[in-house]
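Below is one structure, written out as C-alpha cells; comments come after it.
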Amino acid sequence: MAQPSSDNSEEDLGTNEAGTSKIEPSEMESSETETSETEPSDTETSETEPSEPEPYDAEPKKAKQKTAKGRRRRRRRHLDNFASFATYFPRLLRQVHTGLSLSHEAMNVMDSFVKDMFEQIAEEAGSLARSNKHCTITSGEIQTAVSLLLPGEIGKYAVSEATKSVIRYNTRR
Numbered sequence: 001m002a003q004p005s006s007d008n009s010e011e012d013l014g015t016n017e018a019g020t021s022k023i024e025p026s027e028m029e030s031s032e033t034e035t036s037e038t039e040p041s042d043t044e045t046s047e048t049e050p051s052e053p054e055p056y057d058a059e060p061k062k063a064k065q066k067t068a069k070g071r072r073r074r075r076r077r078h079l080d081n082f083a084s085f086a087t088y089f090p091r092l093l094r095q096v097h098t099g100l101s102l103s104h105e106a107m108n109v110m111d112s113f114v115k116d117m118f119e120q121i122a123e124e125a126g127s128l129a130r131s132n133k134h135c136t137i138t139s140g141e142i143q144t145a146v147s148l149l150l151p152g153e154i155g156k157y158a159v160s161e162a163t164k165s166v167i168r169y170n171t172r173r
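In this text, residue positions in the sequence shown follow our numbering: the first is 1, and each later residue adds one.
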C-alpha cells in the first residue's frame, strides 16, 4: 500500500483543524446511526448537562414595586404545594401546655395526620357539594363532612369549635 502524504494525514483521520470530524457524503448514510465520539450532538448535550442561558436569552430582572411612601412592598410567595403545618404546632402547644415541645418525629406524625384529615374532609365536602349540584364548597358542607368523618363526641366538639371560629372570622371582617 502507498503511504499517505503528511498533508493528507489529517483528512485520513477524519478531523479538520478545529477538531470536528469531516464526513464524506458517501459516509454520511452509514454513519447516521453511529454517534461521533469527538463531538456530541445537540440533543446529547442538552440531555446530559443543563446549559446556562445566554445573556441575550435571559429575562430582564423586574424592579421591585414601591409604595407611595417609598418603601418596598414584599411580594407574597404563592405556594403550589403547601409544604407543612409544622410551624403551627409549637404555637398551639404553647397556648395549651407552656414549656412542652415536640420532637421531629412527633412533628412529622402530626403533620401527616393533619394533611390526611384535610384531604378526607375536602374530599367528603366535595362529594357533598356535587350531590347537591353546587359548584362551591360552603361551611355547611365542611360541617357535614366533619360530623360524618369524626365519630361521636369529638365530631360534635369539632363542629362547635369550627362554628365559633367562623362567627369570629365574620365579625372581624
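Cβ atoms here follow ideal geometry from the backbone N, Cα and C, with glycine treated the same way.
This structure is a prediction, so every number in the text was calculated from the model and none was measured.
Q) What number of angstroms, rounded off, separates the C-alpha of T171 from the C-alpha of S165? A) As a working note, residue 171 is residue 171 in the sequence shown. As a working note, residue 165 is residue 165 in the sequence shown. Near 10 Å, if we compare the C-alpha coordinates of S165 and T171.
Q: Assign V192 to buried or exposed, taking buried as 16 or more other Cβ atoms, counted over all protein chains shown, within 10 Å of its Cβ.
A: Nothing in the structure corresponds to residue 192, since the chain is present only between 1 and 173.
Q) If you drop the 5 nearest sequence neighbours on each side, which residues of the same chain put their C-beta closer than 8 Å to that of S84? A) As a first step, residue 84 is located in the sequence shown; it is residue number 84 there, counting from the start. D111, listed in sequence order.
Q. For L102, which residues from the same chain have a beta carbon less than 8 Å from its beta carbon, with the 5 sequence-adjacent residues on both sides left out?
A. Position 102 of the sequence shown, counted from the first residue, corresponds to residue 102. The answer, listed in chain order, is F89, P90, L93, M110.
Q. First and last residue of the alpha helix (DSSP H) that includes L100?
A. Against the sequence shown, residue 100 aligns to sequence position 100. Segment: none, L100 is in no alpha helix (DSSP H) and carries neither H nor E.
Q: Could you pull the start and end residues of the alpha helix (DSSP H) that N170 belongs to?
A: Position 170 of the sequence shown, counted from the first residue, corresponds to residue 170. Start and end: 152-172.
Q.
Here's the rule: buried if 16 or more other CB atoms are within 10 angstroms of the residue's CB, otherwise exposed. What is I154?
A. Numbered from 1 along the sequence shown, position 154 holds the residue referred to as residue 154. So I154 counts as exposed.
(Q) Using CA atoms only, rank isn't needed, just tell me which of S131, C135, E123, L100 is closest to L149. (A) Position 149 of the sequence shown, counted from the first residue, corresponds to residue 149. Comparing Cα positions, the closest option is E123.
Q: Using 10 angstroms around the beta-carbon of A106, count the other beta-carbons present and answer buried if the total reaches 16, otherwise exposed.
A: As a first step, residue 106 must be located in the sequence shown, where it is residue number 106. Result: exposed.
Q | C-beta contact flag for A158 and E141 at 8 Å | A | Counting from 1 along the sequence shown, the entry for residue 158 is found at position 158. Counting from 1 along the sequence shown, the entry for residue 141 is found at position 141. Not in contact: A158 and E141 (Cβ atoms no closer than 8 Å).
Q. Looking at the unbroken alpha helix (DSSP H) that takes in I142, where does it start and where does it end?
A. In the sequence shown, residue 142 corresponds to position 142, counting from 1. 139-149 is the extent of the alpha helix (DSSP H) around I142.
Q) Looking at G152 and I137, is the spacing between their C-beta atoms short of 8 Å? A) Stepping through the sequence shown from its first residue, residue 137 is reached at position 137. Stepping through the sequence shown from its first residue, residue 152 is reached at position 152. No. Outside cutoff.
**Q.** Selected residue, minimal CA-CA separation from M117, among N108, N132, V146, S131
**A.** Indexing the sequence shown from 1 puts residue 117 at position 117. Closest option to M117, Cα to Cα, is V146.
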